[in-house]
Structure formats: structure tokens, C-alpha cells
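For reference, the structure discussed in these notes is given below.
2 protein chains.
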Amino acid sequence: MIEEKFKLENQLCFRLYTASRLLTQAYHPLLGEHGLTYPQYLVLLVLWEKDAQPVNDIAKRLLLETNTVTPLLKRMEAEGIVTRSKGKEDARQMIVRLTKKGHDLQKKLTDVPDTVGNAVICENVTPETVPGLFGMLDDIIKQLKQ
Amino acid sequence: MIEEKFKLENQLCFRLYTASRLLTQAYHPLLGEHGLTYPQYLVLLVLWEKDAQPVNDIAKRLLLETNTVTPLLKRMEAEGIVTRSKGKEDARQMIVRLTKKGHDLQKKLTDVPDTVGNAVICENVTPETVPGLFGMLDDIIKQLKQ
DNA sequence: GTTGTTTATATCGTTCACGATGCAAATGTA
DNA sequence: TACATTTGCATCGTGAACGATATAAACAAC
Chain A
221 MIEEKFKLEN QLCFRLYTAS RLLTQAYHPL LGEHGLTYPQ YLVLLVLWEK DAQPVNDIAK
281 RLLLETNTVT PLLKRMEAEG IVTRSKGKED ARQMIVRLTK KGHDLQKKLT DVPDTVGNAV
341 ICENVTPETV PGLFGMLDDI IKQLKQ
Chain B
221 MIEEKFKLEN QLCFRLYTAS RLLTQAYHPL LGEHGLTYPQ YLVLLVLWEK DAQPVNDIAK
281 RLLLETNTVT PLLKRMEAEG IVTRSKGKED ARQMIVRLTK KGHDLQKKLT DVPDTVGNAV
341 ICENVTPETV PGLFGMLDDI IKQLKQ
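So the protein lines, in turn, are chains A and B. So that you can map any letter, position 106 of the first sequence is 326 in our numbering, and since no number is skipped, the others follow by simple counting. So that you can map any letter, position 130 of the second sequence is 350 in our numbering, and since no number is skipped, the others follow by simple counting.
Shown next as C-alpha cells:
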């Protein structure tokens, strides 16, 4: 008999991993239409809030390493969504800026948040319960960031 | 001014994605000690519950595609953790079985669930609130599976 | 100023994820 | 039995993630 602690049903991580994957998949057709991946969409969210950021600030905001973000940004540069240029004050930095195409994508993706948001609404996940879910996930993230 | 719906702080998916990544990272040192990755650990959880399963059953249980699971299992086979052999009733199936090494890993990993479990305990995430979190995540998963 | 350290980014290798496609075994139908 | 379809798995290509390492610029100490 398998111990309770090893049952898949008792694993928080498996739930987070699965929910994250499935929700990312829900974004896929909406973003793919515009040649974007989900992590690239996250970079856009960061740059729409504040344009012209160094790689490090983007990575820190997304809690990713630069070795993940750098290739991702180079692909976005190749797609003409962002530009990357050396910082003037600090020549080590690479400043990432939205192109017109990158900026304009916001209008084209205007329906994405609500479409995905509506896709998860169900019995126990409603506008009333989501804040509580956010709180717990934020707590987990804060805790694991140390 | 950026719209509310595009703010990173209002995204469920980003929270799930980040929490999943960070929690998986918490497993990394514990599993890496035994030459395992997190997805490989998930396969072990499935096989410890029930040995000798075809690739498809493992993939379905983890909500993954076989094209993800097949290479993963081949790596585990190369590590001597599982064997893969053609099914006798249905020659299309590949039956995956734990080796002694794979079976014995359970004892060696006995502390992993509690160690990781304790790492997430914090103010809003306690033995009392976790069932509610499980319920919401299960709801999201169920909803997105269609 | 020379040297040592830190910081910002990039490169490399490995392992997922996953869409698209291929192939052989099983199944269904005429 | 013949042929089409479905099923189970594998292969291929691309894009993340991430540990390890490299490189150049900035900074610090002497």
C-alpha cells in the first residue's frame, strides 16, 4: 500500500504544475494567432507597464533568470516586437524597448485577458473566490522566494 | 496608463506559472541528489501507486502527451529506474515497470514530501487552508480539461 | 592606476512541453 | 479476406527553464 504522502492527489506541486500548463495552453490559440508564446506575452505585459527596461529588470519582474529571458528577447527582436540596445549610462545593460508592432499588439490582444479569465470561471472559482486564491498563491511565491 | 486587465498583478496564470516553477525548484536539490528531475519524480509517484503501466496510462494520469513522456521514460530507462517492454496482449503498448532501483527510490525519498510541504507553510497557507486551495486548483484543472 | 570583485548579459548543454507527423498494430466494416 | 480507420507510441523541430560557465563593464581597495 502506497503511503498517503506519495499519492499524486495529495501533491500541491502537481496541481500547480498541471493548472499552470493547462491555463498556458488556453492562451496558446489566442497568442499563436499573433505569433506569440505565453512567456513572450508576459514580457509584453512587463513592457506595456513600463517601456525601455534592462534585461535584468524584466527578468526580476518575472522571477526568471537572464539565461531564460535573453534568448526569449532575441526571438522577440527577430520578430520585430522589441529592440535591444546597449545602455548609455551603463554599457553592460541591454535596454529592451517596444517597437510600434510591439506596442500595437496590446490593442490586438485586448480580448485575451477576459477570454482566458472566463475560461476558468466555475463552481469554486468565481470573482468572489479568486482574491483568496491570489492571496494564497502570492503567499506561496513569497515564501519560496526566501 | 495601462489597463487593469493587463497588469501582471491581476494575472492568475502568471501566479500559477511562478508558484509552479518555484515549488519545482524546491524539489530540485532533493531529487537531484538521486539523479531525478521533477517530471521523473511524478512518473515514479504514478508507478509506485501501480506498477507495470503502458505509456498512455502514465501520460493520461499526468495530463501530458506521450511525446513528452516517451523521451522522459527513455531517460529513466537509461538510468536503470524503469524497464520498457512491449505489451503481450497489445503489441502497440509499451509497458513501463519499476526496476529494483526504481522501487527502492521510494525509501530514499521518504522525506521529500514533508520537506517540500513544510517549505510552503506560511500565514495564509496552512493545513487548514490547503484543502480549499486544492479544491480551487482541482476545479480549474477540471474546467480546462473540458 | 593596478588589481580584485561585483554586476549585467550571453553562451552552452540538458531536460522538459508540445504541435506536427510517421508508423505499425489493432479494430471495424464491407 | 480486403481495406479503411483508429489507437499507441515514436520522431522531429521549436521554445522555454535552468545550472554552469564565460565575458566585459563598472566599481572598490589599495
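C-beta: ideal position from N, C-alpha, C; glycine also. All values reported here derive from a predicted model rather than from experimental measurement.
For A:T238, a Cβ of chain B is located within less than 9 Å of the residue's own Cβ. Between B:E348 and chain A, the shortest Cβ-Cβ separation is not below 9 Å. Pairing A:L329 with A:L251 gives a Cβ-Cβ distance under 9 Å. Only exposed fits A:Q245, as fewer than 16 other CB atoms lie within 10 angstroms of its CB. The residues I315, R317, in chain order, have a CB closer than 7 Å to that of A:A272 in the same chain once the five nearest residues on each side in sequence are set aside.
When the alpha-carbon of A:L283 is set against those of B:T303, B:L228, B:G255, the nearest one is in B:L228. Within chain A, the C-beta atoms nearer than 9 Å to that of B:L283 come from T238, R241, L242, in chain order. The C-alpha of A:V332 lies about 14 Å from the C-alpha of A:P259. By the neighbour-count criterion, in which a residue is buried when 16 or more other Cβ atoms sit within 10 angstroms of its Cβ, B:T288 is exposed. The Cβ-Cβ distance between B:T319 and B:I301 falls below 9 Å.
Put simply, the backbone Cα of A:T286 is about 16 Å away from that of A:L264. Taken in chain order, the complete alpha helix (DSSP H) segments of 4 or more residues contained in the stretch 224-279 of chain B are 232-252, 258-269. Within the same chain, and ignoring the five residues on either side of B:E224 in sequence, the residues whose Cβ sits closer than 7 Å to its Cβ are N230.
Nearest CB-CB separation between B:D334 and chain A: below the 9 Å threshold.
A:F226 is not a Cβ neighbour of B:R235, given a cutoff of 9 Å.
For A:V350, the enclosing alpha helix (DSSP H) has its first and last residue at 350-365. Within chain A, no residue has its beta carbon less than 9 Å from that of B:N338; the closest one is some 10 Å off. Per the DSSP secondary-structure output, A:M314 pairs in a beta bridge with A:K306.
Against chain B, a Cβ distance below 7 Å from A:N344 picks out G355, M356, D359.
Annotation: B:K327 to A:R304 spans about 50 Å, alpha carbon to alpha carbon. As a beta-bridge residue in DSSP terms, B:V345 pairs with B:C342. The beta carbon of B:K321 lies closer than 7 Å to those of G300, I301 in the same chain, with the five residues before and after it left out. Look at B:R235: its C-beta is under 9 Å from a C-beta on chain A. In the structure shown, B:D324 falls within a helical segment according to DSSP collapsed to helix, strand and coil. Sixteen is the threshold: when 16 or more other Cβ atoms of the shown chains lie within 10 Å of the Cβ of A:T238, as they do, the residue is buried. If you check each beta-carbon in the stretch 263-281 of chain B against every beta-carbon of chain A, the ones closer than 9 Å belong to L264, L265, V266, W268, E269, K270, R281. In this chain, the alpha helix (DSSP H) harbouring A:T286 covers 286-298. A:D331 sits in coil when the DSSP states are folded into three classes, being neither helix nor strand.
Out of B:L364, B:I360, B:V340, the CA that lies nearest to the CA of A:L232 is found in B:V340.
By the C-beta density criterion, A:D359 is buried, having at least 16 other C-beta atoms within 10 angstroms. As the crow flies, the alpha-carbon of B:Y247 is around 7 Å from that of B:V336.
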